[in-house]
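In this note's numbering, the protein residues as written are -7 to 89.
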């Protein structure tokens, strides 16, 4: 069971969705920040897909799904990738499988 959470930057207004928990196929979704396209993206890690595609076992060596950059880092849960302001959890939480 997993939850989708919405975040909002109090400085520039950028919005992003992240996921917590595990999906239907035991995968985890990790939020990563990309300094090149200045977005927060979600990547699939682990689960059944990692059994057949070893590159999905961790965040190491992964590319940004938006722009293909290899500069992604696990998002810290607070810093806006656009303006470096503060991202806040809006409290909007949706069940996701």
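We put the CB at the ideal spot given by N, CA and C, even for glycine. Everything numeric in this text was worked out from a predicted model, so none of it was measured.
Own chain residues within Cβ distance below 6 Å of residue 25, not counting five before or after: Walking along the chain shown from the start, residue 25 turns up at place 33. Answer for residue 25: 32, 65, 67, 73, listed in chain order.
Cα-Cα separation, residue 34 to residue 19: On the chain shown, position 42 is the one that residue 34 refers to. On the chain shown, position 27 is the one that residue 19 refers to. Between residue 34 and residue 19, the C-alpha separation is close to 12 Å.
Secondary structure of residue 21, DSSP reduced to three states: Here residue 21 is taken as the residue at index 29 of the chain shown, counted from 1. Shown here, residue 21 sits in a strand according to DSSP, grouped into three states.
Cα-Cα separation, residue 55 to residue 85: Taking the first residue of the chain shown as position 1, residue 55 is located at position 63. Taking the first residue of the chain shown as position 1, residue 85 is located at position 93. A straight-line Cα-Cα distance of about 27 Å links residue 55 and residue 85.
Start-to-end residues for the beta strand (DSSP E) that takes in residue 12: Residue numbering aside, residue 12 sits at position 20 when the chain shown is read from its first letter. 7 to 13 is the extent of the beta strand (DSSP E) around residue 12.
Start-to-end residues for the beta strand (DSSP E) that takes in residue 31: One-based indexing of the chain shown puts residue 31 at position 39. Where residue 31 is concerned, the enclosing beta strand (DSSP E) stretches over 31 to 37.
Selection from 11, 0, 23 that minimises the alpha carbon distance to residue 77: Walking along the chain shown from the start, residue 77 turns up at place 85. It is 0 whose Cα lies nearest to the Cα of residue 77.
Contacting residues, own chain, Cβ-Cβ under 6 Å from residue -4 (five flanking each side not counted): Numbered from 1 along the chain shown, position 4 holds the residue referred to as residue -4. So the list reads 9, 11, 86, 88, once near-sequence residues are dropped.
Other residues of its chain near residue 4: CB distance less than 8 Å, five sequence neighbours each side excluded: The residue you call residue 4 lines up with position 12 of the chain shown. Within the same chain, residue 4 has close Cβ partners 72, 74, 75, 77.
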